[in-house]
Amino acid sequence: MFLQVKNMVCSRCISAVHDLMQRLGLHPDKVELGGVELPDALATPENLSQLDAGLRLIGFELVSDPVERIVESVKKSIIEYVRVDEGSPLKLSAYLENAIGLDYQSLSRIFSMKEGRTVEKYHIAQKVERVKELLELPGMTLAEIAFRTGYSSVAHLSRQFKQVTGLTVTAYKSGHATRIPLDKV
174 MFLQVKNMVC SRCISAVHDL MQRLGLHPDK VELGGVELPD ALATPENLSQ
224 LDAGLRLIGF ELVSDPVERI VESVKKSIIE YVRVDEGSPL KLSAYLENAI
274 GLDYQSLSRI FSMKEGRTVE KYHIAQKVER VKELLELPGM TLAEIAFRTG
324 YSSVAHLSRQ FKQVTGLTVT AYKSGHATRI PLDKV
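Throughout, the working numbering is defined as the position within the sequence shown, counted from one, plus 173.
What follows is the structure in structure tokens.
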């Protein structure tokens, strides 16, 4: 049984959820970004209740609402899309349709209704966080970062970075700001 987990956005999240499940005696078949695959025999109401309580203590929660499941799937898919170096050959809309199995218009409407912002705004925020992450790596030029994150030019990256953060890339690199955790973007 696949259980969707809210706020699971990075490898540390995967480790934290895996460790919790081991402590609870629930041995998952798989723990991945956005959820866990639990053997059906272990998916009892009591185990699921214990798991949800444990997840909430460490900043996560099981997602059961169908609309919330779609929103979390969109978030997970966008994070994966942004983290593909040199961008995906697919447009974001096609990528989301393929990943989630719903038409983009429906996904976008549901996401906007639940999150209070568009899929595109969320995508841009995730891209900017990826840029911040890459800026912290030594030896990467802004042109390389723009290419790896799918920007058409350094100017486009710089303009969008300033729109989102209020800082120029140079000001950010000078240490005047910090990154936002991915589950808070």
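All C-beta atoms in this analysis are idealised placements derived from N, C-alpha and C, irrespective of residue type, glycine included.
Asked	Found
The alpha helix (DSSP H) that contains Glu-293, what's its start and end?	292-308
Examine the Cβ distances between the segment 179-199 and the segment 241-257 and report whether three or more of them are shorter than 8 Å.	yes
Which partner residues of Phe-175 appear in the DSSP bridge assignment?	Glu-210
Any idea if Arg-303 is buried or exposed, counting beta-carbon neighbours within 10 angstroms, 16 or more meaning buried?	buried
Return helix, strand or coil for Lys-264, following the three-state DSSP convention.	coil
Looking at the strands, I want to know which residues DSSP matches up with Lys-203.	Glu-210
Can the beta-carbon of Val-342 be found less than 9 Å from the beta-carbon of Leu-308?	yes
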